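Residue numbers (my numbering): 3 to 122.
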């Protein structure tokens, strides 16, 4: 599996190639906070059943031979709303801008008569 990670270099958010799966250390670095803070928010999100662990977590072998749990983009997004740092705020703004830019090409069809005739 090619694993993508999200980084914030101070000039913007960058996602490397591959599906996003990040360790707690990488997430802490992204949001400029501690691993302990990430772990406590992770537990709170899972305890509240906002996300299911089997959907958002997997164990991988790292390049150094150690194993680590990694979390997908859904958990990273949820965590960004639980962490209050400048970096997490930047990530949220970036995320919203990406979602909003995808909405520009949506067509809206509105019924204007009882005869089920639609115009756009």
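Glycine included, every Cβ here is placed at the ideal spot set by N, Cα and C. Only a predicted model underlies this, so the values are computations on that prediction, with no experimental measurement involved.
Open item on the list: Bridge partners for residue 70 per DSSP, in chain order?
Closed with: Residue 70 pairs with 62.
Task: Endpoints, beta strand (DSSP E) assigned at residue 10 - done: 8-10
TODO: Put residue 101 into one of helix, strand or coil per three-state DSSP.
DONE: helix
Task: Test: residue 97 CB closer than 8 Å to a CB of chain B - done: Protein chain content of the structure displayed is limited to a single chain, and chain B is not contained in it.
Open item on the list: The alpha helix (DSSP H) that contains residue 79, what's its start and end?
Closed with: 75-82
Task: Test item: CB-CB of residue 85 and residue 43 under 8 Å - done: In this structure, residue 43 lies closer than 8 Å to residue 85 by Cβ.
Task: Validate contact between the stretch 17-25 and the stretch 38-55 using beta carbons, cut 8 Å, 3 pairs - done: no
TODO: Look at the alpha carbon of residue 15 and the alpha carbon of residue 76, and state the distance between them as a whole number of angstroms.
DONE: 16 Å
TODO: Output the distance between the C-alpha atoms of residue 5 and residue 89, rounded to the nearest integer angstrom.
DONE: 22 Å
TODO: For residue 94, collect the residues of the same chain with a Cβ closer than 6 Å to its Cβ; drop the 5 residues on either side in sequence, then sort them by chain order.
DONE: 82
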